[in-house]
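Asker: In case it helps, this note's numbering puts the sequence shown at residues 197 to 358. A virtual CB, placed ideally from N, CA and C, is assigned to each residue, including glycine.
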Amino acid sequence: MKPATRDSTTGETSGQPLDWLHNGTLMMVNDRRRGGLILCKEYYAEFAGPGAAVGGLFDMDCTRLIPVGTLSILTPPDHEARQRAFKIRRQWIRLTQQFTDCPVPLQRAQMILNQFETYFGPETVAEVPDDAFALLVGVLPYTVRLARRKPGQLNVKLKAGG
Numbered sequence: 197m198k199p200a201t202r203d204s205t206t207g208e209t210s211g212q213p214l215d216w217l218h219n220g221t222l223m224m225v226n227d228r229r230r231g232g233l234i235l236c237k238e239y240y241a242e243f244a245g246p247g248a249a250v251g252g253l254f255d256m257d258c259t260r261l262i263p264v265g266t267l268s269i270l271t272p273p274d275h276e277a278r279q280r281a282f283k284i285r286r287q288w289i290r291l292t293q294q295f296t297d298c299p300v301p302l303q304r305a306q307m308i309l310n311q312f313e314t315y316f317g318p319e320t321v322a323e324v325p326d327d328a329f330a331l332l333v334g335v336l337p338y339t340v341r342l343a344r345r346k347p348g349q350l351n352v353k354l355k356a357g358g
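Structure, rendered in structure tokens:
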């Protein structure tokens, strides 16, 4: 595994992201950029937005990373920065939890899409796979695909009974 390396002038880290996640390296999403990571686990996903901690013991089971927006990953410089990053990660998780509390799957999908479009813009959201959003809010990828459609585009074909 290639370890993540830190640029001493910018504080940014390079290397294979899943490598530093799997070896327990604690990093954080740069809070000065509009970017984040969708961390896909086996049965769900979490979003780590600007300022949030990633890695450490929490993300060693990550199977896939999906960058969103202008992503920049930093090494927290000190204990206080790490504590702040953990707190921000919890806040991002709580925000996503609010969407999963909605009992209607199509509404959950629409809520997460609206939130991401408001924060990152529709062009960025269009680049994120349906299955990533689905894992964030506990719906099928098809439900996200339906939620992405404009209201007049909902064409449902029914088989004629015979």
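Give me the Cα-Cα distance between R230 and G265, rounded to the nearest whole angstrom.
Answerer: Cα to Cα, R230 sits roughly 6 Å from G265.
Asker: What does the alpha-carbon distance come out to for the pair G252 and F282?
Answerer: Approximately 10 Å, taken between the alpha carbons.
Asker: Going by DSSP in three states, L214 sits in which element: helix, strand or coil?
Answerer: Three-state DSSP puts L214 in a helix.
Asker: Would a C-beta distance cut-off of 8 Å place E242 and D257 closer than the cut-off?
Answerer: Their beta carbons are not under 8 Å apart, which means E242 does not touch D257 by this criterion.
Asker: Residues in the same chain with beta-carbon distance under 7 Å from E313, minus the five sequence neighbours each way, listed in chain order, please.
Answerer: Result list for E313: V321, in chain order.
Asker: Quick one: what's got a C-beta closer than 6 Å to V225's C-beta in the same chain, skipping five residues either side?
Answerer: Cβ within range, chain order: G232, A244, P246 and A248.
Asker: Among L309, Q303, G334 and D255, which has the Cα closest to the Cα of R285?
Answerer: Here the closest residue by C-alpha is D255.
Asker: Would you mind working out which of L222, H218 and Y338 sits nearest D274, comparing C-alpha positions?
Answerer: D274 has its Cα closest to that of L222, out of L222, H218 and Y338.
Asker: Smallest Cα separation from F295: which of D227, L214 and G334?
Answerer: The shortest C-alpha separation from F295 is found at G334.
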